[in-house]
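Note that full-length UniProt numbering gives residue 195 to position 195 of the sequence shown, counting from 1, and the numbers run on in steps of one. Everything below concerns the one structure shown next.
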Amino acid sequence: MVKLIGPLSRLSPRTILVAGDFMLDSYTIGKVRRISPEAPVPVVHVTGQRKLPGGAGNVVLNLLALKASVKALGRVGADEAGRSIIELMKEQGVKAECLFEEPSFLTPVKNRIIADGQQITRVDYEEITPLSNGIEAKVAANLDSLFENVEMVALSDYGKGFLTGSLLRLLIDEAKKRGVTSIADPKGSDFSRYRGVDIIKPNLSEAYAAAGLPLGAPLELAAERILEITGARILLLTRSQDGISIFTNDGKRHDYPVAAREVKDVTGAGDTVLAVVAMALASGLEIHEAAALANVGASCAIEQFGCAQVSVGQLAKRLSLLDPLSKIFDEEHMFIIKEALSDKTPGFLSVSAREGLSTKVFHKIAEMAKKHCDGLVVGVSDHDGSDEFVHLIASLREVAFVVLDEKNLEVLKKELVPAV
């Protein structure tokens, strides 16, 4: 079993508080058929529209995809976009009582114009408005209900004015008082606002700006300054195509290179990292396990268009591509395969370790894999504890997953086939 399958299997339903700037991600989708006679710009014939929670809302969606229970803390305006966000949150089962409405606030909207599968422009509606004293007082009055059963606090700062210095202080101090770990995705160059947070998660340019250093300066120096400014235990640095680096306050560094096959869109990848790390730490994983899983999640996210949500199943499928041994599952970890194949029509085949990989068996595997494009699950019977045959089956690119014991294969087949 590859080392990340164990940590992945330990992700369990947890309650996480997400506080930050909620906005509406709007997608106007269409086709370009001609150039406008009014100006040298394409005319988009609209074929559809889609609306999703964005900003801190995208962190919420990613956590929901990982089976978390989420409490949302933020604000919206008394407008259509604000009402849409609250409605979308409630539809997903999110506790949104503390998404406060502020009449003087314009709910931020990012409208992406997508033509023939490509984003050609983005239209933003927003005004940076500081949080009113009245809303901040409501947050303070609701701290007990907000933190009830919460096992992790994720602060998603998009610089839209909700996370004021005083509100950050209130939330970070409350989390610390209750023994709850906090992680902040910061905005701007003044990281002293996040002092006391356990984990700070900037991107590369934000880190250099906060440290007062030019791009290209030694990362260790930037990390040292940021950890000193924030008092954080851990700096988790997202580095785009270079993956993730972790710096701890004892001077250690760990790097996690990204493993994306094709970069389509980096939009929202930072939200995916924040969500996976928060979920992993809330589930009791170590920071190095959390960062490694988050890096896999980010590689999945940047291969999708728009703000993507990455599930446990997607993480499992990506791990199977990164290392053949991560295709191998015993009874304890079967639920991961169920997640990965819940919306698929897989094929199932039982092979005997005693008989070995004959030409006949190999051709059968190839034939079934061709027939079942959603993936082939192979169950290994007569497994005597030797890993050689199992590893050989897992190394075949035609095989999506390997299940130890034919009995487990039959159970999996019965659970998945009726749903397809």
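Ideal Cβ placement from N, Cα and C applies to all residues, glycine included.
Unbroken stretches of the alpha helix (DSSP H), 4 residues or longer, contained in the region 7-70: 56-65
Once the 5 residues before and after D382 are set aside, which same chain residues still bring their CB inside 6 angstroms of it? S352, A353, R354
Please classify E339 as buried or exposed, where buried requires at least 16 neighbouring CB atoms within 10 angstroms. buried
Hey, how far is the Cα of A394 from the Cα of R14? 32 angstroms
CB of V411 within 8 angstroms of CB of L376, strictly: no
Tell whether a beta-carbon distance below 8 angstroms holds between residue 430 and G379. Outside the displayed range of the chain (1 to 420) lies residue 430, so it cannot be described from this structure.
Pop quiz: A223 and Y208 are said to be a contact at Cβ under 8 angstroms. What is the actual Cβ separation, rounded to whole angstroms? Contact doesn't hold; Cβ gap of about 11 angstroms is too wide.
Residue ranges of each beta strand (DSSP E) within the region 76-142, 3 or longer: 95-102, 109-115, 118-125
CA-CA distance, S299 and Q309? 12 angstroms
Measuring only the C-alpha atoms, how far is R10 from E286? 11 angstroms
For E228, count neighbouring Cβ atoms within 10 angstroms of its own Cβ and tell me buried if that reaches 16, exposed if not. exposed
Could you please give me the residues that DSSP links to V380 through a beta bridge? V351, L404
Are L63 and L315 close, meaning C-beta to C-beta below 8 angstroms? no
May I ask which residues mark the beginning and end of the alpha helix (DSSP H) holding I362? The sequence as given places Phe at residue 362; Ile does not occur at that position. Looking at the DSSP string, the run of the alpha helix (DSSP H) that includes F362 is 359-371.
Evaluate R397 with the Cβ neighbour count: other Cβ atoms within 10 Å of its Cβ, from every protein chain shown; 16 or more gives buried, anything less gives exposed. exposed
Can you tell which of G134, E102, P130 has the C-alpha that lies nearest to the C-alpha of G159? P130
Supposed close pair F329, V403 - CB separation, criterion 8 angstroms: 6 angstroms
If we count the other Cβ atoms within 10 Å of its Cβ and call it buried at 16 or more, is residue 431 buried or exposed? This structure cannot speak to residue 431, because the chain is shown only from 1 to 420.
From D157, Q118, A232, pick the residue whose C-alpha is nearest to that of K176; which is it? A232
Rounded straight-line distance, which links the Cα of S326 to that of V2: Because the pLDDT of V2 is 42, which lies under 50, any placement of that residue in the model is unreliable, and the number read from its coordinates should be weighed accordingly. When rounded, the distance between both Cα atoms is 5 angstroms.
CA nearest to the CA of T28, picked from L392, R122, L163: R122
Of all the options F100, Y194, G165, which has the alpha carbon lying nearest to the alpha carbon of G134? F100
Coarse secondary structure for T272, derived from DSSP in three states: helix
Report, in whole angstroms, the separation of the C-beta atoms of D157 and S182, which I expect to be a contact under 8 angstroms. No, D157 and S182 are not in contact; Cβ-Cβ is about 12 angstroms, not under 8 angstroms.
Apart from the five residues just before and just after P324, which ones in its own chain have a Cβ nearer than 6 angstroms to its Cβ? A394, S395
Tell whether a beta-carbon distance below 8 angstroms holds between D21 and G48. no
Proximity of A292 and T272 at Cβ, strictly below 8 angstroms: no
Straight-line Cα distance separating L66 from P218: 35 angstroms
For a test of your reading of the model: does the CB of D173 fall under 7 angstroms from any non-hydrogen atom of the ligand GTP? Yes or no. This structure simply doesn't include the ligand GTP, nor any ligand for that matter.
Nearest chain D C-beta to T107 closer than 8 angstroms, yes or no? Structure shown: chain D not included; a single protein chain is present.
With a threshold of 8 angstroms, are at least 3 pairs of Cβ atoms found where one atom belongs to the region 142-154 and the other to the region 277-285? yes
In chain order, what residues of the same chain have a beta carbon less than 7 angstroms from the beta carbon of L146, not counting five sequence neighbours either side? L17, K71, L73, C98
Do A115 and V60 have their C-beta atoms closer together than 8 angstroms? no
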